[in-house]
Each structure stands twice: as C-alpha cells, then as structure tokens.
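First to last, the protein sequences are chains A and B. Under the working numbering, the final residue of the first sequence carries the number 222; numbering is consecutive throughout. Under the working numbering, the final residue of the second sequence carries the number 375; numbering is consecutive throughout. Report on the structure given below.
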Amino acid sequence: MSLELGLIFTWFDLFDNSGKGRVMKVEQIDIDLLDLLEKNGRMPLDMIAKTLDISIEEVEKRMENLENHHAILGYSAIANWSKVLDYEGVNAMIDVKVTPTRGVGFDKIAERIYRFPEVKAVYLMSGAYDLSVSIQGKTMSEIGLFVSEKLSTLDSVISTTTHFILKKYKHDGVIFNPDDDDKRIVVSP
Amino acid sequence: MKTSRSYLSTKASQLKPSGIRRFFDLASTMDNVISLGVGEPDFVTPWNVIEASYHSLEQGYTAYTANAGILELRQLIADYLFQSFQVKYKAEEDIIVTVGASQALDLALRAIIDPGDEVIVVEPCFVAYAPTVTLAGGVPVPLETLPENEFKLQPEQIEALVTEKTKALLICSPNNPTGTVLQKEDLNKIAEVVNRHDLIVLSDEIYGELTYDEPYTSFASIRGMKERTLLLSGFSKAFAMTGWRLGYVAGPTELIQAMLKIHQYTIMCASTMAQHGAIEALKNGRQSILEMKKSYQQRRNFVVNSFNEIGLECHRPGGAFYVFPSIKHTGLTSEAFAEQLLQEEKVAVVPGSVFGKGGEGHIRCSYATSLKQLNEAMKRIKRFIERL
C-alpha cells in the first residue's frame, strides 16, 4: 500500500482579509513551516527545528499558533486507495449550476451540499457552472443515487453534470505511482 | 598481440586517476547505500526546460549551431550576467557556449598557458582543476586554504606563491567541496594582489546562484577585474541540468576570440538541443531556481546542525550544496573514515583528501538529497561515530 502523509490547511486563511474568519499575520518562518508540513505532515519536530534553524519549543509554539488560527486544519495521510484491494471506491466531480439566494449568495446552498459526508470538496467556481463538488462513493450507482436523490432535488440546484474519475495521476501536488528512483551515479566529483 | 612499445603519451600515463573513482567503484557494488557523495542536484531539470528541448527537436533543430552558440542564447546569458552580477559582456564577441563549465576551463587554460606557466590553484577544490592545468602544459601550484579561515583564501597566500612564471589564479566560489563563499570584501583584497602581479583570474562561478546568506558577488564585477577575468559558469547546478553538459565562458574579447578558435576546431559547438533548453531556462527558469535554492538552504541548515550535534565540527558554508565537516578527532584518515562508514553503515561520503591540499581530515557530504534520506544518513553517521 502506498501511503504518504500530508497536511490540510488553507492558504486562504492566511492571506484573505475580506472574509469574516479570523486571519492571522504570519512571518516567513511560518510559511516555511507550513511548506515543510504540507510536504510531510509527519516530519519529526527535531528535524523541523534543525531545518528551520529554530528550537523545538519554537516549532511547537508556531504549530500550535497555526492550529489555533485554523491555518492548519489537521494532519492526514494521502492515501492511494487504488493500491488497497477491494477499497478502491469511485470518485466523481460534479459541476453544479445553482440559483444564488438573496442575502447569502452561494454560501447557503454550498453548505447544504458540503454537509453530506460523502462530499469531499466543494468549490465556488467562475465560468460555466457555479459549484464544483467532489464526491467519493463505494460504487457508481451509489454516486448516481446521491446525485439523483440528494443533490438534484435541492431547491436551488438547476442542473448537474457528473464526471467519473478514471485514474488519478496527481492529487494535491502528489504524483501517484511516481518514478522516484535516483538516476544519478552514486559518487561523482 | 602485444606491441613493442607503449603508445601512451607521457602526459596521459603520468595523469593520476581521480580518488573519487575508487569510491564510486566500491559504492556501486553495494545495495541500499545512501549517497552523500553526489556532486549534482537531486532535482530533475525543470519541466518547462525539458519541454522546450523536446519542442526544438520536433521543429527539426538538429543541426550544428554557430561555433560560439546560438546568438539568442548568448544574448540571454549576457542579459543574465548583467542583471544578476552587474557585469556587461557583448553577446557577439565576449561569450562562448561550452560543453559544461569543464570545457570552458579547458579552453581557457589552453588559450592562456605556455609550457611551464604556473597556475595557482586554490585547494581543496574540484578534482579536475590541477589535471586540466597539466594537460594544457601548465604547472598547477596548490594554495592550501585552512579551516580556521573557513577555507577562504588569504591574499598573502597568493603573494607567497607568485613567481615570475605565475600566469593565472584559479578560484571557485561558492566552492566545491567546502561550500565557502568569497564575499565582496574578500574579492577586493584578492583583486589588489592580482593587479599587482598582473595575473589573470579563472573564476569558476558554477555555484554562483546557490548562495544562501549573502547576495553573490562575481569576481568579474570587482572594479578593474573584468579585463583580467574569465568567468566560467553554466546551467548544471542552478538549473539542475548536469547531464545536458552546457556551460559558458565570458571574458575579454581578445581572450574569448582565441578560445573560440580552439573551440571550433575541437568541439565545433555545444549540443543544439541542450542550447534550446537553456534558452527556456534563462527566459522562464527563475522561479524553479528559487524553489530549489530554498530547499538546499533548509537541507544545509539541517545537515550543519546535525553534524555539530553529532560532534563532527562543521562550519556553516554560505553556498553550493556541500558541507565539509572535520573528522580529525576520530583519528582516522579521511579515506579510512569514508571507507569504514561505507562498509559499516552504507553511507557514501567523499574523503577530503581527493580534493587536494587541505582536504585531509575532512569529508565532503553533498546535501543535494531529500531531507528524508539526509535524516537517515545522519542517524547512521551518528551510530558510526558512537562506535568508534
């Protein structure tokens, strides 16, 4: 099984100053810390400390601060389920056109969609449709049922277009099935 | 059938094999070796560069280029040298695109050396310097830099070695294997001596993009030095393009034109597809350099902090991707240390002795390897030291 670890956080939280959420001021070292953790959420604290040239205590303090500000939302594995027998599942991306509601725009309808646990991601999009919904199910028919019974029946939803994912090449910056052999000769001047 | 005489030239038969070769042979027979012995980036060339080279092949750019290289590329190199280091070269006359910085060095030496001319070679240094001087008919004169000076060459050391036969000074900053960077004030002092003795400086600036603490100063940018400097550089290190074999030399027109004669008879021109890749690298490669540089800097911090924690004294080098910790207190020679470390813990490092004078008592560790691998290597080295 191929399992890598990643970090869930939102750059949005760091830089957006128009939203209503708390936005934190960060220093370059926090950005570097997030960068390291985003590549490897399991990097040991002492290794982070040596890499960033700060003490372990400071690493802990900065991580806690980022967590408190929801700039780090969690630490999770980037699982490649296709490597696990019988657990591959089905993923789809659904383009959803909706009618925005007066006063709350798209937020209310987005919430009604993202509350469903099978929904893995929801984005508000510019362009031909409004919401991009990413969904994970055990089978195609399970996803079909979700679309026809739960999603399409919501009042504001005008139309849906469902695309099933056939193969994952790269996800969140991680290449699936990478060829990461070192092709260099072992000692060189 | 054995011939009655040896066809080898005296030069070839007297040339010593590189000390690195033996370690390569040893390490390549073993499995699961973590190598800190690699003198090149662990990154693959940025994709846009590879793609541009593909595209040039698809377009049918498979013929020779001008001897000195594609003019557009030379123009981009000139722009780059001006913007980054404030040295002005004319693309048409002052720059040759070469097969790596190594060929640029060979050309330079062949163009300036008469038999018996002396070249002061600042050591420890890249293994090819002294042999290349010898092959050009010159006499390499080693100048040993010292750990107490953080391996920085001292101007009075040059004075002590200059004779009436001294023609050139060969420096490399940031240095392979020590990572030492010569700052502007260091270069100013060197320039005074160079001026006084009317020397020419071969300045290997191949690691010039990879400095982490201070902005880089090119020797050619020091007042009055452009006319006395052959600036050797290339795409290998900063753009992770070692295998493309593409470098360049910039310098005074008269010297460059003499080098061009040698270049056209011996090489013709550098690889065309590589030159097309390099054009893209200079046009749109800045972001990739910065990302790789950031990564090297973090790894340097990790490795320097780890070595000092283990108890192998290690100065914090300002550039390149090497650290050069001292192993003197272990009582082992650098070669014995490297060999035992390889046999017992399967970590490959390069003994300092192969880099010439002043290298003994140190090992060169390249940190152009993932943090994960570096972490494992440091654990193994710690175990090895504790057992000694």
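For glycine and all other residues, C-beta sits at the position ideal for the given N, C-alpha and C.
DSSP places A:M126 inside the beta strand (DSSP E), whose first and last residues are V123 to V131. Annotation: A:E182 to A:R75 spans about 40 angstroms, alpha carbon to alpha carbon. By the Cβ neighbour-count rule, A:E93 is exposed, with fewer than 16 other Cβ atoms within 10 Å of its own. Contact between A:V220 and B:V337 holds, with the beta-carbon distance rounding to 7 angstroms and staying under 8 angstroms. The Cβ-Cβ distance between B:E196 and B:A225 falls below 8 angstroms. With fewer than 16 other CB atoms across the displayed protein chains lying within 10 angstroms of its CB, A:S88 is exposed. Beta-bridge annotation (DSSP): B:C159 is paired with B:D191.
Separation of B:F289 and A:T172 (C-alpha to C-alpha, rounded to the nearest whole angstrom) is 46 angstroms.
Chain B places no beta carbon closer than 8 angstroms to that of A:M96, leaving this residue out of the contacts. Using a CB distance cut-off of 8 angstroms, A:P222 counts as an interface residue toward chain B. Following the DSSP letters along the chain, one finds A:K153 inside the beta strand (DSSP E) bounded by residues V152 to L157.
Within chain B, the C-beta atoms nearer than 8 angstroms to that of A:D86 come from N288 and N292, in chain order. DSSP places B:Y283 within a helical segment (H, G or I) once states are collapsed to three.
Where A:G170 is concerned, the enclosing beta strand (DSSP E) starts and stops at L164 to G170. Taking a 10 Å sphere around the C-beta of B:E373, we find fewer than 16 other C-beta atoms and assign the residue as exposed.
Only residues of its own chain outside the window of five on either side were considered, and among them P142 have a CB closer than 6 angstroms to the CB of B:I177, listed in chain order. Proximity to B:A88 across B:R367, B:G234 and B:F69 peaks at B:G234, based on C-alpha coordinates.
Annotation for B:A323: the continuous alpha helix (DSSP H) segment containing it runs S321 to E332.
For the region 2 to 28 of chain B, residues whose beta-carbon sits nearer than 7 angstroms to a beta-carbon of chain A comprise S5, I7, F10, F11, A14, S15, V20, S22, G24, V25, G26 and E27. For B:E241, the enclosing alpha helix (DSSP H) has its first and last residue at T240 to T253. Here B:R351 carries a strand assignment [DSSP, helix/strand/coil]. Annotated as distal: B:N175 and B:F138, with beta-carbon spacing of 8 angstroms or more. In this structure, the beta-carbon distance from B:A117 to B:L219 does not fall below 8 angstroms. What B:F113 touches in chain A, judged by beta-carbon distance under 8 angstroms, is P222, going in chain order.
Taking C-alpha positions only, B:T52 is separated from A:L69 by approximately 43 angstroms.
Contact between B:F342 and B:P134 is absent: CB atoms are separated by about 13 angstroms, not below the 8 angstroms threshold. One alpha carbon belongs to B:Q262, the other to B:G56, and they sit about 8 angstroms apart.
At least one CB atom of chain B sits nearer than 8 angstroms to the CB of A:I218. Annotated three-state conformation of B:F371 is helix, per DSSP. Between B:S205 and B:F311, the C-beta spacing is not below 8 angstroms. In the same chain as B:V25, and ignoring 5 residues on each side of it, the C-beta atoms closer than 8 angstroms to its own belong to S353, A355 and T356, in chain order. For A:K83, the nearest CB of chain B lies under 8 angstroms from its own CB, placing it at the interface with that chain. Assignment of beta-bridge partners to B:P129 by DSSP yields B:V108. Buried is the label assigned to B:H250, since at least 16 other Cβ atoms lie within 10 Å of its Cβ. In terms of Cβ geometry, B:K(-2) and B:L122 form a close pair [threshold 8 angstroms]. Taking C-beta atoms as the reference points, B:A98 and B:A78 fail to come closer than 8 angstroms.
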